[in-house]
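Asker: Please read through the structure below; I'll follow up with questions.
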Amino acid sequence: MNVDLVVGRGNMNDVHTHWQSELLNVASHARTSEDFRQRNGHGVRPQLRIDERTAHEHGCRVVATYVDNGRTASKEGVVRPAFDRLLEDLVRGRTAEGRDVHGVVCVADDRL
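Just add 2 to wherever you are in the sequence shown, counting from 1, and you've got my numbering.
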């Protein structure tokens, strides 16, 4: 299985050569560990907007969104359900809803 990892505004030329005639379906992932008090999504909304814009600029379409709001990735044993679902869907090549997914876009690799 071929999964393309798109982080931030990286070089997407390879995506265009493989998927010239159609948009590449990707997942959007956002995470912040700073929104732990309210968990109201304010911390991840800007990331999701950037992901959508970046995907569009590079001929991709976001078909699924995965959010672990208020969850750190730097501590051992932290459960991140959205990240776990993202990995499962990427390995399977489709979302739980049945949409093909071929990669992921996020604002930075430390947000994964």
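C-beta: ideal position from N, C-alpha, C; glycine also.
If we ignore side chains and look at the alpha-carbon of each, how far apart do GLY45 and CYS62 end up?
Answerer: Taking the straight line joining both Cα atoms gives about 24 Å.
Asker: Buried or exposed for ALA29, please, with buried defined as at least 16 other CB atoms from any protein chain shown within 10 angstroms of its CB.
Answerer: ALA29 is buried by the Cβ-count criterion.
Asker: Classify THR34: buried if its beta carbon has 16 or more other beta carbons within 10 angstroms, exposed otherwise.
Answerer: Classification for THR34: buried.
Asker: By the DSSP assignment, the beta strand (DSSP E) with HIS58 in it spans what residues?
Answerer: That residue, HIS58, is in no beta strand (DSSP E); its alpha helix (DSSP H) goes 47-59.
Asker: Are the stretch 48-60 and the stretch 80-99 touching, with three or more C-beta to C-beta distances below 8 Å?
Answerer: Counting Cβ pairs under 8 Å, fewer than three are found: no touch.
Asker: In the DSSP output, what is HIS189 paired with across the bridge?
Answerer: The shown model of the chain, from 3 to 114, leaves out residue 189, and the question about it has no answer.
Asker: Indicate whether VAL65 and THR74 have their beta-carbon atoms separated by less than 7 Å.
Answerer: No, the Cβ-Cβ distance between VAL65 and THR74 is not below 7 Å.
Asker: Mind reading off the beta-carbon distance from ASP102 to ALA84? Whole number of angstroms is fine, and I expect it under 8 Å.
Answerer: ASP102 to ALA84, Cβ: 19 Å. No contact.
Asker: Can you look up VAL93 in the DSSP assignment and give me helix, strand or coil?
Answerer: Three-state DSSP puts VAL93 in a helix.
Asker: DSSP three-state call for LEU88: helix, strand or coil?
Answerer: Residue state, collapsed to three classes: helix.
Asker: Please look up how many angstroms separate the CB atoms of HIS60 and VAL106, rounded, as I've assumed it's under 8 Å.
Answerer: Actually they are not in contact, since the Cβ atoms of HIS60 and VAL106 sit about 13 Å apart, beyond 8 Å.
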